[in-house]
Amino acid sequence: MKSTIKDYKIVLYVTDMENDKVMFEKIKQYFENCEACRSLKELCRHLTTKNTPTVFLMTGDNLEESMLNYYRSLDAVKDYTVCEHKVVSLIPLKSEIDAFEAHRCNAIDDYLIARPLYEANRIVLIIEHLLLELGVSLPSMREEQLSKRLTNNVSEEFAALMSRLLEDKNQIELSFKSSIEDIETCLNQADKKIQQHQAVDLDLNKLQETLKQIRSNEIRPKLLELQAKAISLLEKTITFGASGNAEDETDTAKSDEPTPVFNRLYQQDINAQDDPNTKQSAIRILLVEDDLISQKLTVRLLSSLNTKTELAVSGRRALASLSSVKYDLILMDISLPDTNGIYIMSQTKTEGHLNYDTPIIMLTGSKRKQIVAEALKNGAKGYVVKPLTKKTIQAIFEKHLPQLQ
Numbered sequence: 001m002k003s004t005i006k007d008y009k010i011v012l013y014v015t016d017m018e019n020d021k022v023m024f025e026k027i028k029q030y031f032e033n034c035e036a037c038r039s040l041k042e043l044c045r046h047l048t049t050k051n052t053p054t055v056f057l058m059t060g061d062n063l064e065e066s067m068l069n070y071y072r073s074l075d076a077v078k079d080y081t082v083c084e085h086k087v088v089s090l091i092p093l094k095s096e097i098d099a100f101e102a103h104r105c106n107a108i109d110d111y112l113i114a115r116p117l118y119e120a121n122r123i124v125l126i127i128e129h130l131l132l133e134l135g136v137s138l139p140s141m142r143e144e145q146l147s148k149r150l151t152n153n154v155s156e157e158f159a160a161l162m163s164r165l166l167e168d169k170n171q172i173e174l175s176f177k178s179s180i181e182d183i184e185t186c187l188n189q190a191d192k193k194i195q196q197h198q199a200v201d202l203d204l205n206k207l208q209e210t211l212k213q214i215r216s217n218e219i220r221p222k223l224l225e226l227q228a229k230a231i232s233l234l235e236k237t238i239t240f241g242a243s244g245n246a247e248d249e250t251d252t253a254k255s256d257e258p259t260p261v262f263n264r265l266y267q268q269d270i271n272a273q274d275d276p277n278t279k280q281s282a283i284r285i286l287l288v289e290d291d292l293i294s295q296k297l298t299v300r301l302l303s304s305l306n307t308k309t310e311l312a313v314s315g316r317r318a319l320a321s322l323s324s325v326k327y328d329l330i331l332m333d334i335s336l337p338d339t340n341g342i343y344i345m346s347q348t349k350t351e352g353h354l355n356y357d358t359p360i361i362m363l364t365g366s367k368r369k370q371i372v373a374e375a376l377k378n379g380a381k382g383y384v385v386k387p388l389t390k391k392t393i394q395a396i397f398e399k400h401l402p403q404l405q
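In this text, residue positions in the sequence shown follow full-length UniProt numbering: the first is 1, and each later residue adds one.
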């Protein structure tokens, strides 16, 4: 049965419609909102369609070809709000190993061998799974009972077992919804305390973790309302620079690596009329952070200093920005929705990369020694346990950007 809900979109980027015709027809059988895209201009338009969760299916003769147009388009619209989306690489059999490795590190959300198309129905399951991750729940994807066709083709014992598992899954979903009520109660109590000029103690990490887990389009409006309320309360209660000692909050990597051959000015495109000794008016920072609350608080903090901050909300946006802009400092969240900060950092550590020698400070919600050690081993100059404070940022500037102070 074809779904007709209008709050999502499937975009198939095709380079050869004849090759991908079977794929496109199969998708249209199950999804109402499916479009074929043939140019980068169209792709940019789809990326900037607000409030429309989208699954992009990128075709090509190899993994690089299938994803290059996506990255080019993502970079072209970096100054615009990009829709929440997932990306699937449709590749030939010869590129399966490359796609597998890219999927393992979350550089792509999924892949399918589409030339030739061995599993004609699997693309439907891939799209449904990614739509659920985007918070889109279609009627055909939310069957609470086994279909008659499946029940007739398996034993009664097996059908009963699957039914019990479905019931358990539904109970888990109900528990997520109940957590919404817990959050709202907590925020309302905090709001009352603020109005009465009483101290408020909000568990930021617990709040963020709970909000991240709740992904359902039925409760999305309530989720956004709670996020907005949480941000408002945190801005009132967090005093930047009031907590901790900067020396305790940041650790710097001890490295014996030689001085990079390419210095910062050499890697940057400079106008011949510019004086390279002129002090930069603002420190250019790339903040790679997907959590809405952390984004708002960190950007607010940085805006109070002499900085020009750009935001990347995913690993892919970060890769696009890092390949086209030279930054003075990179603040990189370790956990990202599509990959991890350590992988993104590793992509900049090749000599000749535009941001090869840009200091990278990792942001983490908890000081786990194994992750911290891996980050420092891969080139991070330090790490900070969130949330950031003004004192911590100033210590980072003094230590890693003394020439810009």
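Glycine included, every Cβ here is placed at the ideal spot set by N, Cα and C.
Inter-residue Cα distance where the pair is residue i and residue j
i           : j      : result
Leu311      : Leu74  : 13 Å
Ile342      : Gly382 : 12 Å
Asn19       : Tyr327 : 42 Å
Pro53       : Ala190 : 33 Å
Ser304      : Lys390 : 9 Å
Ile270      : Lys369 : Per-residue confidence for Ile270 stands at a pLDDT of 30, beneath the threshold of 50, marking its modelled position as unreliable; the derived number appears in the next sentence. Answer to the nearest angstrom: the Cα atoms are 40 Å apart.
Arg72       : Glu184 : 41 Å
Asp7        : Asn33  : 9 Å
Glu398      : Val325 : 23 Å
Val82       : Leu43  : 11 Å
Lys308      : Ala107 : 27 Å
Gln394      : Asp357 : 20 Å
Glu96       : Leu138 : 30 Å
Asn121      : Lys377 : 43 Å
Arg115      : Asp16  : 11 Å
Lys9        : Thr392 : 42 Å
Ser66       : Glu156 : 44 Å
Glu351      : Leu117 : 39 Å
residue 406 : Glu119 : Outside the displayed range of the chain (1 to 405) lies residue 406, so it cannot be described from this structure.
Val313      : Asn51  : 15 Å
Asn355      : Asp61  : 30 Å
Ile396      : Val22  : 54 Å
First and last residue of the uninterrupted beta strand (DSSP E) at residue i
i      : result
Gly341 : Note, Gly341: premise wrong, no beta strand (DSSP E); alpha helix (DSSP H) at Gly341 to Ser346.
Phe56  : Thr54 to Thr59
Gly382 : Gly382 to Val385
Ile330 : Leu329 to Asp333
Arg115 : Asp110 to Arg115
Thr350 : No beta strand (DSSP E) contains Thr350, which DSSP labels as neither H nor E.
Glu35  : Cys34 to Cys37
Thr309 : Thr307 to Ala312
Proximal residues to residue i (C-beta, below 6 Å), its chain only, five neighbours per side dropped
i      : result
Ala99  : Leu63, Ser89, Ile91 and Tyr111
Lys86  : Val55, Asp109 and Leu130
Glu289 : Gln295 and Asp333
Tyr80  : Thr48
Leu57  : Leu12, Val88 and Leu90
His103 : Tyr111
Lys192 : none
Lys349 : Gly379
Leu161 : none
Residues of its chain near residue i, where Cβ-Cβ distance is below 8 Å and the 5 sequence neighbours each way are ignored
i      : result
Gln347 : Leu319, Leu322 and His353
Val14  : Asp20, Phe24, Ala36, Cys37, Arg38 and Thr59
Val299 : Leu287, Thr309 and Leu311
Thr151 : Ala159
Cys105 : Thr339, Asn340 and Tyr343
Leu302 : Ile285, Leu287, Thr309 and Ile393
Val372 : Asp251, Met362, Thr364 and Tyr383
Gln403 : none
Gln198 : none
Residue interval of the alpha helix (DSSP H) (run including residue i)
i      : result
Ser66  : Leu63 to Ala76
Lys26  : Met17 to Tyr30
Cys44  : Leu40 to Leu47
Ala318 : Gly315 to Leu322
His103 : Glu96 to Arg104
His129 : Arg122 to Glu133
Ser155 : No alpha helix (DSSP H) holds Ser155; DSSP gives it neither H nor E.
Ser89  : Ser89 -> not in any alpha helix (DSSP H); beta strand (DSSP E) instead, spanning His85 to Pro92.
Same chain, Cβ closer than 7 Å to residue i, five either side skipped, listed in chain order
i      : result
Met362 : Met332, Ile334, Gly341, Ala375, Ala380 and Tyr383
Ile360 : Ile330, Met332, Met345, Gly379, Ala380 and Lys381
Phe24  : Leu12 and Ala36
Val77  : Cys44, Leu47 and Thr48
Lys28  : Cys34
Ile136 : In the sequence on display, residue 136 carries Val and not Ile. Answer for Val136: Asp7, Tyr8, Pro53 and Asn217, listed in chain order.
Asp168 : none
Asn306 : Ala282 and Ile283
Residue i beta carbon near the ligand NAD (any heavy atom closer than 8 Å)
i      : result
Ala318 : Ligands in the displayed structure: none, and consequently the ligand NAD is not present.
Nearest-angstrom Cβ-Cβ length linking residue i and residue j, presumed shorter than 8 Å
i      : j      : result
Asp338 : Gly315 : 5 Å
Leu286 : Pro387 : Their Cβ separation, rounded to whole angstroms, is 18 Å, which puts Leu286 and Pro387 out of contact at 8 Å.
Phe31  : Ile123 : Not a contact, Cβ separation roughly 10 Å.
Glu84  : Leu134 : 6 Å
Leu93  : Asn69  : Incorrect: roughly 21 Å between the Cβ atoms, too far for contact.
Leu401 : Ile283 : 6 Å
Residue-chain proximity (residue i, chain C), Cβ-Cβ < 9 Å
i      : result
Met362 : Absent from the structure is chain C; it holds one protein chain and no more.
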